[in-house]
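Heads up, the thing below is written out as structure tokens.
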Amino acid sequence: MYRRAGIAGIKERAQMQIRYEEKRKQMAEDAAANLHRQLETVKSSLEYFASKYQSRIRQDHAFRTEFQSMCANIGVDPLASSDGYWSKILGIGDFYYHLAVRIIEICMANQRKTAGLMPLEELILELNKTKSSHESDICQDDVIRAIKKLQCLGNGFKLIRISDSRQLVQSVPGELSMDQTEVLKLAESHAAHINVQQCVKKLGWTHERAHAALEYLMQEGMAWVDESDNTGRSYWFPSLLTTKAN
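Its first residue numbered 354, the sequence shown is counted upward by one per residue in this note's numbering.
In structure tokens, the structure reads:
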């Protein structure tokens with residue numbers, strides 16, 4: 354009697370567990386379907402917004418940045434392709450592709466001066482100085498998005514952060530190591546030039562480690578050597594000198 358009741362209880366609990374699991378799956382499916390409907394509604398509203406304000410989005414860089422942020426919040430990428438819906442309605446994909454081409458041209462034209470490391474703020478100034486009169490001003494967000502587009506070309510174009518408020522655009526092939534990036538950061542805080550002894554003292558490195566990092570940057574053309582410095586062999590970074598001048 355008790356044995357049968359025990360078996361029946363086990364079966365009942367098993368059935369209840371199955372019903373709970375089915376209910377949980379149904380609730381999850383309903384929630385997902387509801388979320389999908391909400392996202393579709395938001396996307397439709399965003400498309401209407403984009404259609405209504407397309408001229409302002411193209412011409413006002415601050416408004417364009419806010420629009421990009423709105424899109425990102427719901428998983429929409431207006432830059433996903435140059436021939437998609439957003440590109441057709443806004444021309445926004447073409448805008449960034451053309452901007453990427455201009456970035457390449459300016460970085461290449463200034464490579465002798467910057468040694469392949471151009472301050473982001475200087476690049477923005479050059480872009481705005483050389484744009485046509487009917488084009489909107491270029492902002493930092495525009496340049497960062499365009500540079501991300503260039504990453505499909507390999508590791509020739511990328512951003513290097515050397516302080517909280519300063520970034521460099523690397524336009525030469527090659528991956529900078531953590532050591533080389535630390536050297537750039539240190540040079541930025543030391544009037545654009547440092548030597549091996551400063552790296553050893555400030556970064557806690559061995560002489561060999563500091564020398565290797567500095568020599569690599571010099572060999573890649575990112576640093577110039579001054580043998581006449583009274584502190585010994587000094588490495589100057591032209592891209593940081595340009596930044597200081599601005």
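Note that beta-carbon positions come from the ideal geometry of N, C-alpha and C, so glycine has one too.
Cβ-Cβ distance between residue i and residue j below 9 Å
{"i": "K388", "j": "C424", "result": "Rather than Lys, the amino acid found at residue 388 in this sequence is Leu. No, these two residues do not count as a Cβ contact at 9 Å."}
{"i": "L452", "j": "V522", "result": "no"}
{"i": "A576", "j": "W589", "result": "yes"}
{"i": "D582", "j": "H546", "result": "yes"}
{"i": "Y450", "j": "K502", "result": "yes"}
Reduced DSSP category for residue i - H, G, I as helix; E, B as strand; rest coil
{"i": "M471", "result": "strand"}
{"i": "R586", "result": "coil"}
{"i": "I491", "result": "coil"}
{"i": "N463", "result": "coil"}
{"i": "S516", "result": "strand"}
{"i": "V536", "result": "helix"}
{"i": "L529", "result": "coil"}
{"i": "D447", "result": "helix"}
{"i": "H546", "result": "strand"}
{"i": "D413", "result": "coil"}
{"i": "K511", "result": "strand"}
{"i": "E580", "result": "coil"}
Straight-line gap, residue i to residue j (C-alpha atoms, nearest Å)
{"i": "M318", "j": "N426", "result": "One cannot answer for residue 318 here, as it falls past the ends of the chain, which runs 354 to 599."}
{"i": "M354", "j": "T394", "result": "Note that M354 scores a pLDDT of 48, beneath 50, so its modelled location is shaky; the value from the coordinates is reported in the next line. Computed Cα separation, rounded: 59 Å."}
{"i": "A361", "j": "Y373", "result": "18 Å"}
{"i": "R498", "j": "V549", "result": "36 Å"}
{"i": "Q504", "j": "I371", "result": "50 Å"}
{"i": "E475", "j": "K554", "result": "31 Å"}
{"i": "F448", "j": "V536", "result": "35 Å"}
{"i": "I515", "j": "T467", "result": "15 Å"}
{"i": "D383", "j": "E375", "result": "12 Å"}
{"i": "R562", "j": "P591", "result": "22 Å"}
{"i": "S542", "j": "A462", "result": "27 Å"}
{"i": "A598", "j": "S486", "result": "Here A598 scores only 42 on pLDDT, less than 50, and its place in the model should not be relied on; the value that follows carries that caveat. Approximately 27 Å, taken between the alpha carbons."}
{"i": "G527", "j": "Q407", "result": "39 Å"}
Contacts around residue i, its chain only, beta-carbon distance under 6 Å, and the 5 residues preceding and following it disregarded
{"i": "M369", "result": "none"}
{"i": "R409", "result": "F416"}
{"i": "V525", "result": "G469"}
{"i": "S587", "result": "H546, N548, D579"}
Minimum C-alpha distance to residue i - residue among the options
{"i": "Q412", "options": "K484, P472, T467, Q464", "result": "K484"}
{"i": "I459", "options": "F420, I500, I547", "result": "I500"}
{"i": "Q520", "options": "L593, Q551, G574", "result": "L593"}
{"i": "S530", "options": "E382, M380, E573", "result": "E573"}
{"i": "M471", "options": "G509, E488, S489", "result": "G509"}
{"i": "L473", "options": "Y450, S518, A462, R465", "result": "S518"}
{"i": "S404", "options": "D579, E382, F420", "result": "F420"}
Residue i at chain D interface by Cβ criterion, 9 Å
{"i": "Q421", "result": "The question asks about chain D, but that chain is absent: this structure has only one protein chain."}
Near the ligand SAM: residue i beta-carbon under 8 Å from a heavy atom
{"i": "H389", "result": "In the structure shown, the ligand SAM is absent, as is every other ligand, since no ligand is present at all."}
Spatial neighbours of residue i in its chain, beta-carbon cut-off 8 Å, leaving aside the 5 residues before and after
{"i": "L480", "result": "L452, R455, I456, I459, I491, V496"}
{"i": "L512", "result": "L473, I497, I500, Q520, L521, V522, Q523"}
{"i": "H414", "result": "S489, D490, I491, C492, D494, D495"}
{"i": "L539", "result": "I547, Q551, C552, K555, L556"}
Close beta carbons around residue i, own chain, < 7 Å, minus the five adjacent residues each side
{"i": "Q533", "result": "A566, Y569, L570"}
{"i": "T418", "result": "C492, D494"}
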